[in-house]
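S.K.:
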Amino acid sequence: MADILVVVEHQEGAFRKTTLSTLTAAKTLSGLIGGEVDALVLGQGVQAVADTVAAHGVRAVLLGESELFARYLAVAYAPAVAQVAREKGYGAVLAPASTFGKDFMPRLSGLLDAPLASDVSGFSKEGDSLRVQRPMYAGNAIATVELVGSPLLFTVRQTAFDPAPQSDAKAPVERVSLAADPGGTVFVGREETKSERPELTEARVVVSAGRGIKSPENFKLVEELADLFQAAIGATRATVDAGWAPNDWQVGQTGKIVAPELYFALGISGAIQHLAGMKDSKVIVAINKDEEAPIFQVADYGLVADLFKAVPALIAELRKLKSA
Amino acid sequence: MLVAIKPVPNPDERVKIRKDGTGVVLDNIKMVINPFCEIAVEEALRIREKRGGEAVILTIGPKEGEQQIRTALAMGADRAILVETTEELDSLGVARLMAKVVEQEKPDFVIMGKQAVDDDNNQVGQILAAILSLPQATFGSKIEFSEDGKRANVTREVDGGLETIGVTLPAVITTDLRLNEPRYASLPGIMKAKKKEMKVVPADSLGVDTAPRVRLLSLAPPKERAGGKKVADVAELVDKLKNEAKIL
Numbered sequence: 009m010a011d012i013l014v015v016v017e018h019q020e021g022a023f024r025k026t027t028l029s030t031l032t033a034a035k036t037l038s039g040l041i042g043g044e045v046d047a048l049v050l051g052q053g054v055q056a057v058a059d060t061v062a063a064h065g066v067r068a069v070l071l072g073e074s075e076l077f078a079r080y081l082a083v084a085y086a087p088a089v090a091q092v093a094r095e096k097g098y099g100a101v102l103a104p105a106s107t108f109g110k111d112f113m114p115r116l117s118g119l120l121d122a123p124l125a126s127d128v129s130g131f132s133k134e135g136d137s138l139r140v141q142r143p144m145y146a147g148n149a150i151a152t153v154e155l156v157g158s159p160l161l162f163t164v165r166q167t168a169f170d171p172a173p174q175s176d177a178k179a180p181v182e183r184v185s186l187a188a189d190p191g192g193t194v195f196v197g198r199e200e201t202k203s204e205r206p207e208l209t210e211a212r213v214v215v216s217a218g219r220g221i222k223s224p225e226n227f228k229l230v231e232e233l234a235d236l237f238q239a240a241i242g243a244t245r246a247t248v249d250a251g252w253a254p255n256d257w258q259v260g261q262t263g264k265i266v267a268p269e270l271y272f273a274l275g276i277s278g279a280i281q282h283l284a285g286m287k288d289s290k291v292i293v294a295i296n297k298d299e300e301a302p303i304f305q306v307a308d309y310g311l312v313a314d315l316f317k318a319v320p321a322l323i324a325e326l327r328k329l330k331s332a
Numbered sequence: 047m048l049v050a051i052k053p054v055p056n057p058d059e060r061v062k063i064r065k066d067g068t069g070v071v072l073d074n075i076k077m078v079i080n081p082f083c084e085i086a087v088e089e090a091l092r093i094r095e096k097r098g099g100e101a102v103i104l105t106i107g108p109k110e111g112e113q114q115i116r117t118a119l120a121m122g123a124d125r126a127i128l129v130e131t132t133e134e135l136d137s138l139g140v141a142r143l144m145a146k147v148v149e150q151e152k153p154d155f156v157i158m159g160k161q162a163v164d165d166d167n168n169q170v171g172q173i174l175a176a177i178l179s180l181p182q183a184t185f186g187s188k189i190e191f192s193e194d195g196k197r198a199n200v201t202r203e204v205d206g207g208l209e210t211i212g213v214t215l216p217a218v219i220t221t222d223l224r225l226n227e228p229r230y231a232s233l234p235g236i237m238k239a240k241k242k243e244m245k246v247v248p249a250d251s252l253g254v255d256t257a258p259r260v261r262l263l264s265l266a267p268p269k270e271r272a273g274g275k276k277v278a279d280v281a282e283l284v285d286k287l288k289n290e291a292k293i294l
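Protein chains in written order, with the numbering used here: chain A, 9 to 332; chain B, 47 to 294.
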């Protein structure tokens, strides 16, 4: 079987852990259809990213450095990945199902006329044929699909695969020269959501708030609880739409998909779209004063209470526990 | 402006999977315009109000899609094209059919939802841009045109924050939630919509290979959570987290 290529995600040189679960997905795939796993890093001044990936159990890292990749643009990335896939004859190409992978992978699909399965949550085999699992309908259905053509393209749901561990061996890094044309597109600017907290998709604990939090000022309460766990903060669509929380915090079907060990849902009613983004969390705690709220159906520990009373009490109890 | 819309089952209702796993039960479920596509329609109308032009709706699929097209026309779009087919299509097939329409219509830009909330693929806009060799700006939350109308700056909702890119037109733009809040169709709008032009084009007349390359084999329900337990107060919650879930 032809080999497998993973396109590495980084934010202008800062390696993103989304790639680690994609590497595990690639390994799973290689176990089913054969082939070795290589990684491709595109960027400028990103040797360190290549070195990091090289220490995570790949056969080789291909490094394409150019000014044209200094800022990520789908229009430059997709043809470069297409060139690598064609020249080296990869049988499958994978990338994280983050806003990075979701942006350029379909473009790659169009360029290569190759089938793409989005947001893959599993691989299996039926006889000799590969079967691919992916969520549809806000995670209320798991589809099994078959891909026809080559190379096979996948974006990988981060929460569905464990991060690849570090390896003892270090893979060689090979420089590749790639053509790229930004085709009528320029990078204008980036407004980073500033935070000292862990990434939503990587945090062990997530504290999220919904409309029940009532005002942006009250997010202080959310932060106070989050501080006790070094947790990431999430939000529902309603709170982001209202401008109380940045877009980057939205948990749900079309926002971030999270699966932390502990998820606090504060004043969240539990719309289908929100549940889609968090119902794979290990332990879910819901605090809401409406006992009919659908969030309680997925919660392991539901507390029907006014969050403005319950959360401060919870914070006090947890502090007591910590100092004990 | 070409605005692509997709009819989807009402996203606020939980879909049921057919017993044989071949699809979902659509009886008694209301079909609506995919929420992201509705945002695209609204944006096209706002752009038309500011800059003039024509908002043309495009749908690909079975005849029943006429209903959602009428809704978009009632919101204020000018005319519509339905590329009619009853075949199961994948994103590549849809994008290829769309590309034919774009070649005929030559719009200044194509705008559509970033993702349909039924299959959750998030693919068609980007594939279309690739097929037509056009720039793409996905997940748009703000669109601004240059004075001469030859370029647009699109702010995109990305992991980590917001990013702005500039694209030369024509381009393909996909919409995210914060772009706008779609209007409701007014009664006069609904009356007017009945008289607006809707061209039906049989998909097979476009000479495009639409055999699916991603084939849906079956659907299964996800693992259900054993949730639903309640605690009486904060003390019990902390006790359970510590001694039962062992997470503190």
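C-beta atoms are modelled at their ideal positions from N, C-alpha and C, and glycine is treated no differently. As the structure is a prediction and not an experimental result, all values here were calculated from the model.
Would you report the Cα separation of A:V215 and A:G275, rounded to the nearest angstrom?
M.R.: Translated into positions along the first sequence, residue 215 of chain A becomes position 207. Translated into positions along the first sequence, residue 275 of chain A becomes position 267. If I take the Cα positions, the gap works out to 11 Å.
S.K.: Mind listing the chain B neighbours of A:M144? Cutoff is C-beta to C-beta under 8 Å, in chain order.
M.R.: Taking the first residue of the first sequence as position 1, residue 144 of chain A is located at position 136. Per Cβ cutoff of 8 Å: D164, D165, D166, L265.
S.K.: Near B:V170, what residues of its chain come up, given a Cβ to Cβ distance below 6 Å and the 5 sequence neighbours on each side ignored?
M.R.: For the purposes of this step, residue 170 of chain B is taken as the residue at position 124 of the second sequence. Same-chain partners within the cutoff: S137, V140, A141.
S.K.: Where in the segment 88-169 of chain B do unbroken runs of the beta strand (DSSP E), each at least 3 residues long, occur, reported from the N-terminal end onward?
M.R.: Taking only runs of at least 3 residues, the beta strand (DSSP E) segments lying wholly in the segment 88-169 of chain B are 102-107, 125-130, 156-159.
S.K.: For the pair the segment 125-145 of chain A and the segment 153-169 of chain A, tell me if three or more CB-CB distances fall below 8 Å.
M.R.: Yes, they touch.
S.K.: Taking A:V194 as the reference, which of A:Y80, A:F316, A:L37, A:R67 has the closest Cα?
M.R.: In the first sequence, counting from the first residue as 1, residue 194 of chain A sits at position 186. Nearest of A:Y80, A:F316, A:L37, A:R67 to A:V194, Cα basis: A:Y80.
S.K.: Once DSSP output is grouped into helix, strand and coil, what is the label at A:F169?
M.R.: Walking along the first sequence from the start, residue 169 of chain A turns up at place 161. Coil, per DSSP.
S.K.: I need the straight-line Cα distance from A:G51 to A:V184, nearest angstrom please.
M.R.: As a working mapping, residue 51 of chain A is identified with position 43 in the first sequence. As a working mapping, residue 184 of chain A is identified with position 176 in the first sequence. One C-alpha to the other measures close to 12 Å.
S.K.: Given a cut-off of 8 Å on the beta-carbon distance, is the pair B:V105 and B:G111 in contact?
M.R.: Here residue 105 of chain B refers to the residue found at position 59 when the second sequence is read from its first residue. Here residue 111 of chain B refers to the residue found at position 65 when the second sequence is read from its first residue. In the sequence on display, residue 105 of chain B carries Thr and not Val. Yes, they are a contact pair.
S.K.: When burial is assigned at 16 or more other CB atoms within 10 Å of the CB, is B:K52 buried or exposed?
M.R.: In the second sequence, residue 52 of chain B corresponds to position 6, counting from 1. Buried, by the Cβ-count rule.
S.K.: Rounded to a whole number of angstroms, what is the C-alpha to C-alpha distance between B:V246 and B:E151?
M.R.: Counted from its first residue, the second sequence places residue 246 of chain B at position 200. Counted from its first residue, the second sequence places residue 151 of chain B at position 105. In a straight line, the C-alpha of B:V246 is about 14 Å away from that of B:E151.
S.K.: Is the beta carbon of A:G99 less than 8 Å from the beta carbon of A:G43?
M.R.: Translated into the one-based positions of the first sequence, residue 99 of chain A becomes position 91. Translated into the one-based positions of the first sequence, residue 43 of chain A becomes position 35. Yes, the pair counts as a contact, with Cβ atoms nearer than the cut-off.
S.K.: What is the residue span of the alpha helix (DSSP H) that B:T234 lies within?
M.R.: Sequence index remark: in the second sequence, residue 234 of chain B carries index 188 (1-based). Position check: residue 234 of chain B holds Pro in this sequence, whereas Thr was assumed. Start and end: 233-239.
S.K.: Less than 7 Å between C-beta atoms, sequence neighbours within five positions excluded: which residues of the same chain meet that for B:A231?
M.R.: To locate residue 231 of chain B, count along the second sequence from 1; it is residue 185. Once the five neighbours on either side are set aside, the close Cβ partners of B:A231 are T117, A120, M121.
S.K.: Under 8 Å between beta-carbons, which chain A residues line up against B:I211? List them in chain order, please.
M.R.: The residue given as residue 211 of chain B occupies position 165 in the second sequence. What B:I211 touches in chain A: L81, T193, V194, F195, V196.
S.K.: Please list the terminal residues of the continuous alpha helix (DSSP H) segment that includes B:P181.
M.R.: Position 135 of the second sequence, counted from the first residue, corresponds to residue 181 of chain B. Per DSSP, B:P181 belongs to no alpha helix (DSSP H) and is neither H nor E.
S.K.: Short of 9 Å Cβ to Cβ, which residues in the segment 245-259 of chain B face chain A?
M.R.: From the segment 245-259 of chain B, only A257, P258, R259 have a Cβ closer than 9 Å to chain A.
S.K.: Should B:D66 be flagged as near chain A, meaning a C-beta pair shorter than 8 Å?
M.R.: The residue given as residue 66 of chain B occupies position 20 in the second sequence. No - not a single Cβ of chain A is within 8 Å of the one on B:D66.
S.K.: Determine the contact status of B:L215 and B:A239, defining contact as a CB-CB distance below 8 Å.
M.R.: Mapped onto the second sequence, residue 215 of chain B falls at position 169. Mapped onto the second sequence, residue 239 of chain B falls at position 193. No; because the gap between Cβ atoms is not below 8 Å, this pair is not in contact.
S.K.: Between the Cα of A:A240 and those of A:T209, A:A253, A:V291, A:N255, spot the shortest distance and give me the residue it belongs to.
M.R.: To locate residue 240 of chain A, count along the first sequence from 1; it is residue 232. For A:A240, the nearest C-alpha among the options comes from A:T209.
S.K.: What does A:H18 pair with, by DSSP beta-bridge criteria?
M.R.: Translated into the one-based positions of the first sequence, residue 18 of chain A becomes position 10. Answer is A:F23.
S.K.: Let's see if you can read the secondary structure: which residues bound the alpha helix (DSSP H) around A:Y271?
M.R.: The count along the first sequence starts at 1 and reaches residue 271 of chain A at position 263. No alpha helix (DSSP H) contains A:Y271, which is instead part of the beta strand (DSSP E) from 270-274.
S.K.: Looking at the structure shown, is A:E75 part of a helix, part of a strand, or coil, going by DSSP?
M.R.: Counting from 1 along the first sequence, the entry for residue 75 of chain A is found at position 67. Three-state result, A:E75: helix.
S.K.: Is it a yes or a no for the segment 249-269 of chain B touching the segment 50-70 of chain B, going by three-plus beta-carbon pairs under 8 Å?
M.R.: Yes, they touch.
S.K.: DSSP beta-bridge partners for A:V306?
M.R.: In the first sequence, the residue the question calls residue 306 of chain A occupies position 298. The partner list for A:V306 (beta bridge, DSSP) is empty, contrary to what the question assumes.
S.K.: Let me know the secondary structure DSSP gives B:S264 once reduced to three states.
M.R.: Locating residue 264 of chain B in the second sequence gives position 218, counting from the first residue. Of the three classes helix, strand and coil, the one that applies to B:S264 here is strand, per DSSP.
S.K.: Let me see if you follow: with CB-CB separation under 8 Å, is A:L71 close to chain B or not?
M.R.: Here residue 71 of chain A refers to the residue found at position 63 of the first sequence. So no, A:L71 is outside the interface.
S.K.: So A:A105 and A:V45 are in contact, right, with Cβ under 8 Å, and what is the actual spacing, rounded?
M.R.: The sequence position of residue 105 of chain A within the first sequence is 97, counting from 1. The sequence position of residue 45 of chain A within the first sequence is 37, counting from 1. With a Cβ gap of about 18 Å, A:A105 and A:V45 do not count as contacting.
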